[in-house]
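Heads up, the thing below is written out as structure tokens.
Residue numbers (my numbering): 97 to 292.
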């Protein structure tokens, strides 16, 4: 808790939401941070709709190196190997005092704030389809109505809202962005007419 800077973390969380929206087109809800005295110091839990989906930890005054131990050993920087908890990243902890040396040697690392947001970004991307329901589909359609009202009306006439939601969920689960909703709606209209 004390190793996180609230303002910087809040900015990072907002950046993650924006980046994922730009990447996938999914309007993610707000992200809330709660501290729990029942957890070990430095440990965190990521929950989606109150269900735990990932765990991790942040070490006070330490950086998490995102590359293999070979480079760190070559630099002569002492590190601690830990159990891996981030997808695709070995858990190698280095004292924060080596930050300049790592930066100068182009060795990738994550600061405590970035560890949490990196992990959260992966989790949100993995579960992105769970954030698209009927309400979110309706919201996306309302956003489109200003520029493409006829297309939205035609798509809603041909494809039921529930089916649209399923299609959007399937696209996002395949890591396909739904930001270009105009093209997706045109495909739905075309597909829907052929189905009749």
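We put the beta carbon where it would ideally sit given N, CA and C, even for glycine. Given the structure is predicted, the values throughout are model-derived calculations rather than measurements.
- Fewer than three Cβ pairs drawn from the region 169–177 and the region 140–152 lie within less than 8 Å of each other, which leaves the two stretches out of contact.
- Separation of residue 288 and residue 118 (C-alpha to C-alpha, rounded to the nearest whole angstrom) is 28 Å.
- For residue 120 against residue 283, the beta-carbon gap comes to about 17 Å, at or over 8 Å, which does not count as contact.
- In the DSSP annotation of this structure, the continuous segment of the alpha helix (DSSP H) that includes residue 248 starts and ends at 230–254.
- Below 8 Å, too few C-beta pairs join the region 190–198 and the region 214–233 to call them touching: fewer than three.
- Cβ atoms of residue 122 and residue 274 come within 8 Å of each other, at about 7 Å.
- With contacts defined by Cβ atoms closer than 8 Å, residue 214 and residue 206 form a contacting pair.
- In the three-state reduction of the DSSP assignment, residue 148 falls in the strand class.
- Fully enclosed beta strand (DSSP E) runs of no fewer than 3 residues occupy 188–191 of the region 172–221, in order along the chain.
- When rounded, the separation of the alpha-carbon atoms in residue 140 and residue 184 is 18 Å.
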